[in-house]
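Residues in the sequence shown are numbered from 1116 upward in steps of one, following my numbering.
By construction, the Cβ of each residue, glycine as well, lies at the ideal position given by its N, Cα and C atoms.
See below for the structure under consideration.
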Amino acid sequence: MTSKVEMVSVVIPTLNEAGNILEAVTTIHEDLAYPKEIIVVDGNSTDGTKEIVRDLGYCKLIIEPRRGYGLALKTGMKNAKGNIIIMVDGDGTYEVRHINRMIAKMIEKDADMVLATRMYDPNKAMGLMNFIGNKVITTFYDFFYSQFLSDTQSGFRAISHEAIDNVELNEGDMAYATEMLIKFAKEGYTMYEVPTTYKARKYGKPKLRRFKSGIEIFSTIFRGFLDAKTIRKCQENWKKNRVK
Ligand SMILES: Nc1nc2c(ncn2[C@@H]2O[C@H](COP(=O)(O)OP(=O)(O)OP(=O)(O)O)[C@@H](O)[C@H]2O)c(=O)[nH]1
Ligand SMILES: [Mg+2]
């Protein structure tokens, strides 16, 4: 539950995002209307990303040499001081100005998480394969865990620090984001979405390996499903939240 904003910690994983990171962090620095800290967790980039961030002065730079999107986010969150954590990519694909509306929704709903959904994006900028993969994963997730999310693969989220500290997340790479949603559903934490726009990546390469990540995400979903306690809990939570 998040009834007020004390401080917002924006956690940004980066791996070779030199062409993208400056615009992302300067926009957040100028636009985010709450007390904040910006934490960039860099995977020892070789293209100058670290140097750009270090020179800015207003970002905290953490080097996480271990590979993995999830590990980078975990490291960043461990160092976060805010009561609200924002996770967002450092690749310029998300509209970081929408952090303000995500936080407003957190407060309005007293929520544990608000995801920015790209499914109502008028530009339809998500690639077709990613769109289809996301739809299939989201359908399975919603069905098994009694939720109504539209974009489970969104890496742009506002999260209650207290809630994330309370769940144990073991996935080190892209499946981390899905594991988080499963554990939140199991705990009965409330999750909402706000629409956002999306842009195709301008510089650098995607680190997503579709096949590997797809297998990891599906196995995370099915492993959770095989745990009868998780499923029962999610159904109970759904009934409880529906009555509210
Ligand atoms: N520190 C760290 N950051 C990572 C690692 N892998 C990915 N990232 C960052 O995590 C974010 C998400 O990765 P992306 O490559 O954008 O994955 P994606 O969003 O599925 O792919 P795009 O469609 O290209 O945006 C980006 O900011 C990456 O730079 C890693 O191993 N370590
Ligand atoms: Mg990305």
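Report buried or exposed for Glu1283, applying the criterion of at least 16 other Cβ atoms within 10 angstroms of its Cβ.
By 1-based counting over the sequence shown, the position of residue 1283 is 168. Exposed: under 16 other Cβ atoms inside 10 Å.
Coarse secondary structure for Asp1157, derived from DSSP in three states
By one-based count along the sequence shown, residue 1157 stands at place 42. Strand at Asp1157.
What is the DSSP secondary structure of Lys1151, counted as helix, strand or coil?
Here the question's residue 1151 lines up with position 36 in the sequence shown. Correct three-state label for Lys1151: strand.
Which one of Lys1175, Lys1220, Ile1214, Tyr1235 has the shortest CA to CA distance from Pro1310?
Translated into positions along the sequence shown, residue 1310 becomes position 195. The shortest Cα separation from Pro1310 among Lys1175, Lys1220, Ile1214, Tyr1235 belongs to Tyr1235.
Cβ shell of Gly1287 (< 7 Å), same chain only, five flanking positions each side left out
Taking the first residue of the sequence shown as 1, we reach residue 1287 at position 172. Here the set comprises Gly1183, Gly1185, Leu1186.
CB-CB under 7 Å to Ile1218, same chain, minus the five flanking residues each way: which ones, in chain order?
On the sequence shown, residue 1218 is found 103 positions in, with the first residue counted as 1. Val1120, Val1123, Tyr1149, Ile1199, Ala1273, listed in sequence order.
Cβ-Cβ distance between Gly1197 and Glu1152 below 8 Å:
What you label residue 1197 is simply residue 82 of the sequence shown in a count that begins at 1. What you label residue 1152 is simply residue 37 of the sequence shown in a count that begins at 1. Cβ atoms of Gly1197 and Glu1152: closer than 8 Å.
Grouping DSSP H, G and I as helix and E and B as strand, with all else coil, what is Ala1273?
The sequence position of residue 1273 within the sequence shown is 158, counting from 1. Looking at Ala1273 - three-state DSSP - the assignment turns out to be strand.
Which residues in the same chain as Arg1316 place their Cβ atom closer than 6 Å to its Cβ, once the five residues preceding and following it in sequence are excluded?
Position 201 of the sequence shown, counted from the start, is the residue given in the question as residue 1316. Counting only Cβ-Cβ distances below 6 Å, and skipping sequence neighbours, we find Asp1206, Thr1208.
Confirm, please, whether the CB-CB distance from Lys1354 to Lys1301 is below 8 Å.
What you label residue 1301 is simply residue 186 of the sequence shown in a count that begins at 1. What you label residue 1354 is simply residue 239 of the sequence shown in a count that begins at 1. No.
Segment contact flag, the segment 1224-1243 with the segment 1264-1281, C-beta cutoff 8 Å, min 3 pairs:
yes
So Glu1308 is in the beta strand (DSSP E); what residue range does that whole segment cover?
Here the question's residue 1308 lines up with position 193 in the sequence shown. Unbroken beta strand (DSSP E) run through Glu1308: 1306-1310.
Looking only at its chain, what residues have a beta carbon closer than 7 Å to the beta carbon of Met1192, apart from the 5 residues adjacent to it on each side?
Walking along the sequence shown from the start, residue 1192 turns up at place 77. Around Met1192: Val1126, Ile1200, Ile1279.
Give a yes or no on whether the C-beta atoms belonging to Met1295 and Asp1227 are separated by under 8 Å.
Taking the sequence shown and counting its residues from 1, one reaches residue 1295 at position 180. Taking the sequence shown and counting its residues from 1, one reaches residue 1227 at position 112. Not closer than 8 Å, so no.
Going along the chain, which unbroken runs of the beta strand (DSSP E) with 3 or more residues stay wholly within the segment 1143-1221?
1151-1157, 1174-1178, 1199-1202
Provide the residue span of the beta strand (DSSP E) that contains Ser1124, from first to last.
Your numbering for residue 1124 matches position 9 in the sequence shown. Per DSSP, Ser1124 belongs to the beta strand (DSSP E) from 1123-1129.
Drop a sphere of 10 angstroms on the beta-carbon of Leu1188, count the other beta-carbons inside from all chains shown, and report buried for 16 or more, exposed for fewer.
On the sequence shown, residue 1188 is found 73 positions in, with the first residue counted as 1. With 16 or more other Cβ atoms within 10 Å, it is buried.
Going straight from the alpha carbon of Gly1094 to that of Phe1259, what length do you get?
Outside the displayed span of the chain (1116 to 1359) sits residue 1094, for which this structure offers no information.
Ligand 1 heavy atoms versus the CB of Thr1305: any closer than 7 Å?
Taking the sequence shown and counting its residues from 1, the one referred to as residue 1305 is at position 190. For ligand 1, not one heavy atom lies less than 7 Å from the Cβ of Thr1305.
Report the rounded CA-to-CA distance for Glu1210 versus Asn1249, giving the unit in angstroms.
By 1-based counting over the sequence shown, the position of residue 1210 is 95. By 1-based counting over the sequence shown, the position of residue 1249 is 134. Roughly 19 Å separates the two Cα atoms.
Quick one: Cα of Glu1166 to Cα of Gly1134, how far?
Against the sequence shown, residue 1166 aligns to sequence position 51. Against the sequence shown, residue 1134 aligns to sequence position 19. So the alpha carbons of these two residues sit roughly 12 Å apart.
Helix, strand or coil, according to DSSP, for Thr1345 in the structure here?
Looking up residue 1345 in the sequence shown gives position 230. In the structure shown, Thr1345 sits in a helix (DSSP, three-state: H, G or I).
Helix, strand or coil: which one does DSSP assign to Val1140?
Indexing the sequence shown from 1 puts residue 1140 at position 25. It is helical.
Using the DSSP secondary-structure output, state which residues sit across from Val1229 in a beta bridge.
Indexing the sequence shown from 1 puts residue 1229 at position 114. Its beta-bridge partners are Ala1273, Tyr1307.
Return the CA-CA distance between Ala1139 and Lys1344, expressed in angstroms with no decimal places.
For this step, residue 1139 is matched to residue 24 along the sequence shown. For this step, residue 1344 is matched to residue 229 along the sequence shown. So the alpha carbons of these two residues sit roughly 41 Å apart.
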